[in-house]
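In this note's numbering, the protein residues as written are 468 to 936.
Here is the structure we will look at.
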Amino acid sequence: MKRCSLITKITLWFSTAVIIISVAAVFVTLAVSSAVIRRGIRENLIATVHDNFDEIEFYLEHDELEFDDPYDLAINYKNGYIEVDDDFVRSVNGIETALYDDDGLVYGDGTHFSSEEVPEFNDKHVSIVRAGKTTYYVYDVILNFPALKDSRLWLRGTVSAEYSISQVNTITKAVLIFIPFLILIAIIGGYLISKRALAPMLEIKKAAEDIESGNDLSKRIEIEGGSSEVRSMADSFNAMFERLEDSFNKEQQLTSDISHELRTPISVIGAQCRFSLENEDTKEEYAEALELIERQTKKMSRVINDMLTFSRIERGAGEIKKEKLNLSECVSSVCEDMALISEKNIELNSDIEENIFVYGNFELLTRLCVNLISNAYRYGKENGKTTVTLKKEKDKAVLSVRDNGVGISKEDLGKIWNRFFRADASRSSGGTGLGLAFVKEIAEIHKARVDVRSEKNNGSEFFVIFPVL
Ligand code: ADP
């Protein structure tokens, strides 16, 4: 089954939540409103009956009647007259008020109840009475007129409970028409908002697909607008692509460098084999040919080893363990060891300031020193001199390796840090052309800077400048 998109999922969840909340809200509203309406109707009933109560008087003599209004009414009752003021309201808001005595209706409409059904009177009490299929609220108030002697008059208000239901129904209808519109607006709004919010994600997806289909690792995700979270996600993706591109390029470079470096010795071996097979026949000549092949094999093995170590360091730069270490001790011990294997009768002097601490990796820093001193030997003159110094200058530690050897020409100075670069003069030195590339890489891992000062035939001085702790 095809999985639905995030936008559909969000919209579905959103809509379901809105529908559930709306339905719950409708139920609560209806329940509350019907309770409120019912209470309102009861209160209205009581208030209407009490208002009408004040509009009724009983007089024994006709002369006592107070007709302030032509619409006031006098009812001949028993031994006197009931005066119903004009303000008496017989019917309002579904409430009907009528005057009763113990025998039945005296004034007003008592249409709700047949004469047999007329419920018992109950002073100042709301009763719920059923008549036929209808339920009524009934409220009575007794009218005590001393002149009436034994007779009692009751003022009775009646309102149908259906009246409250019809009001609730009106609200229900309004809500039922209004709610679907509200839900529709909420769903459309939710859909549009989620679509807008997720638009940058789609851009990221598209960019990733472009990179994948075009196999172009140099592409980057560019987002206009979008929330900070999405932008930071795009940044992370870009950083990842950058790393991928970097390691992909390094991989390619490594392959091409290795194949380039191995081509020459392999061609030499091939040519030598062919020559020997065609021409040579004495044992000495074969031995010579084999020696040449062995030399080329050793060279290839050196190139492969160096290259693999180099690429391991280069790729694992982020994971190399570093700690606070005494650079002075590290450089001193390398100098001591290297003095023992000095070539061409070269003298190794050192001037190392004690206790200079850096944050670094002991093995790599040892390798850096070894490479620089090896080069000083390799490109030094017979009976020459090499001087190693380590000094603290402000917040930097400056390591220098100086020799009075062959020096480097101006044109070559910029290239010596490149992998496999060897100046013409030093092609036969036996180096792989990776020594200084190692030095530079190790320096970068330690946030150090490399530099060189050299003149052709006038010696060289290499510098590595570390940040100190
Ligand atoms: P390798 O020594 O294996 O050839 P390096 O990367 O160590 O490779 O050095 C690269 C090139 O820089 C060398 O071939 C050489 O021409 C030059 N070079 C390095 N160190 C010195 C030095 N101390 N004196 C003169 N030339 C040097």
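We treat Cβ as the ideally placed atom computed from N, Cα and C, and that holds for glycine.
From a predicted model like this one, the values you see are computed outputs, not experimental measurements.
(request) Could you check if H913 is buried or exposed, using at least 16 other CB atoms within 10 Å of its CB as the buried criterion? (result) Burial call: buried.
(message) Shorter than 8 Å, the distance from the beta carbon of N842 to the closest heavy atom of ligand 1, or not?
(response) In this structure, ligand 1 has a non-hydrogen atom nearer than 8 Å to the beta-carbon of N842.
(message) If the criterion is Cβ atoms closer than 9 Å, does the pair V865 and F930 meet it?
(response) Yes, Cβ-Cβ distance for V865 and F930 is below 9 Å.
(message) Quick check: the Cα distance between K717 and Q763, rounded to an integer number of angstroms?
(response) Roughly 26 Å between the two C-alpha positions.
(message) Taking 8 Å as the cut-off, is the beta-carbon of N772 closer than that to any non-hydrogen atom of ligand 1?
(response) For N772, the CB stays at least 8 Å from every heavy atom of ligand 1.
(request) Decide if G657 is buried, meaning its Cβ has at least 16 other Cβ atoms within 10 Å, or exposed. (result) Result: buried.
(request) Measure the alpha-carbon distance for S472 versus I780 and round it to whole angstroms. (result) Cα to Cα, S472 sits roughly 44 Å from I780.
(message) Suppose the cutoff is 6 Å on Cβ atoms and the five residues either side in sequence are ignored; what does the same chain contact list for K863 look like?
(response) Sequence-distant Cβ neighbours of K863 in its own chain, meaning closer than 6 Å and more than five residues away, are I932.
(message) Please report the distance separating the alpha-carbon of L936 from that of Q739.
(response) The alpha-carbon separation between L936 and Q739 amounts to approximately 55 Å.
(request) Would you list the residues sitting across from K791 in a DSSP beta bridge? (result) Within the DSSP bridge table, the entry for K791 names Y826 as partners.
(request) Determine the direct distance from the alpha carbon of Q720 to that of R920, and round the result to whole angstroms. (result) Annotation: R920 to Q720 spans about 28 Å, alpha carbon to alpha carbon.
(request) Check whether the Cβ of Y753 sits closer than 8 Å to any heavy atom of ligand 1, and report yes or no. (result) False, no ligand heavy atom lies under 8 Å from that Cβ.
(request) Let me know the alpha helix (DSSP H) ranges lying completely inside the region 827-913, each 4 residues or longer, listed in chain order. (result) Scanning the region 827-913 from its first residue to its last, the whole alpha helix (DSSP H) runs of 4-plus residues come out as 829-845, 877-880, 902-912.
(request) Assuming T950 contacts I813 (C-beta within less than 8 Å), just tell me the rounded distance between them. (result) This structure cannot speak to residue 950, because the chain is shown only from 468 to 936.
(message) Buried or exposed, going by whether 16 or more other CB atoms sit within 10 Å of the CB of S927?
(response) Its Cβ being crowded by 16 or more others within 10 Å, S927 is buried.
(request) Please confirm whether any heavy atom of ligand 1 lies closer than 8 Å to the CB of G444. (result) Beyond the ends of the chain as shown, which are 468 and 936, falls residue 444; an answer cannot be given.
(message) Buried or exposed for Y604, going by 16 or more other Cβ atoms inside 10 Å?
(response) When all chains shown are included, Y604 counts as buried.
(request) Would you kindly check if the distance between the Cβ of V490 and the Cβ of I654 is under 9 Å? (result) Not in contact: I654 and V490 (Cβ atoms no closer than 9 Å).
(request) Compute the Euclidean distance between the alpha carbons of M468 and L669, then round it to the nearest angstrom. (result) Residue confidence is low: M468 scores 44 on pLDDT, short of 50, so the model does not pin down where it sits. No coordinate-derived value is stated.
(message) According to DSSP, T601 sits in a beta bridge with which residue or residues?
(response) T601 is bridged to A598.
(message) Nearest by alpha-carbon distance to D879: which of G847, E922, K861, G898 is it?
(response) Residue E922 is the option with its Cα nearest to D879.
(request) To the nearest angstrom, report how far apart P934 and K859 are at their CA atoms. (result) Those two C-alpha atoms are separated by around 10 Å.
(message) When you compare the region 785-794 with the region 822-830, are there three or more beta-carbon pairs, one atom per stretch, that lie closer than 8 Å?
(response) The region 785-794 is in contact with the region 822-830.
(request) Would you kindly work out how many angstroms separate the C-alpha atoms of F708 and A666, rounded to a whole number? (result) F708 and A666 have their C-alpha atoms some 21 Å from each other.
(request) Return helix, strand or coil for G921, following the three-state DSSP convention. (result) Residue identity check: residue 921 is Ser in the sequence provided, not Gly. Three-state result, S921: strand.
(request) Leaving aside the five residues before and after A910 along the sequence, list all residues of the same chain whose C-beta is less than 6 Å from its C-beta, in chain order. (result) For A910, same chain residues with a beta-carbon under 6 Å away, outside a window of 5 residues either side, are V917, V931 in chain order.
(message) Using the three-state DSSP reduction, which class does S685 fall into: helix, strand or coil?
(response) Looking at S685 - three-state DSSP - the assignment turns out to be coil, as it is neither helix nor strand.
(message) Report the CB separation of S743 from A756 in whole angstroms; it is logged as a contact under 8 Å.
(response) About 4 Å; that satisfies the 8 Å criterion.
(message) The alpha helix (DSSP H) that contains R779, what's its start and end?
(response) Where R779 is concerned, the enclosing alpha helix (DSSP H) starts and stops at 750-782.
(message) I need the DSSP call for R916, collapsed to helix, strand or coil.
(response) Shown here, R916 sits in a strand according to DSSP, grouped into three states.
(message) So, with DSSP's three-state summary, where would you put D702?
(response) Correct three-state label for D702: helix.
(request) Pull up the CB-CB distance for K591 and V573, whole angstroms please, since I reckon it's below 8 Å. (result) Contact between K591 and V573 is ruled out by a C-beta separation of about 19 Å, above the 8 Å threshold.
(message) Looking at chain D, is there any beta carbon in it that lies within less than 9 Å of the beta carbon of H727?
(response) Of the protein chains in this structure there is only one, and it is not chain D.
(request) Consult DSSP for F555 and reduce its assignment to one of helix, strand or coil. (result) For F555, the three-state secondary structure derived from DSSP is coil.
(request) Would you list the residues sitting across from R623 in a DSSP beta bridge? (result) Paired residues: A565, D607.
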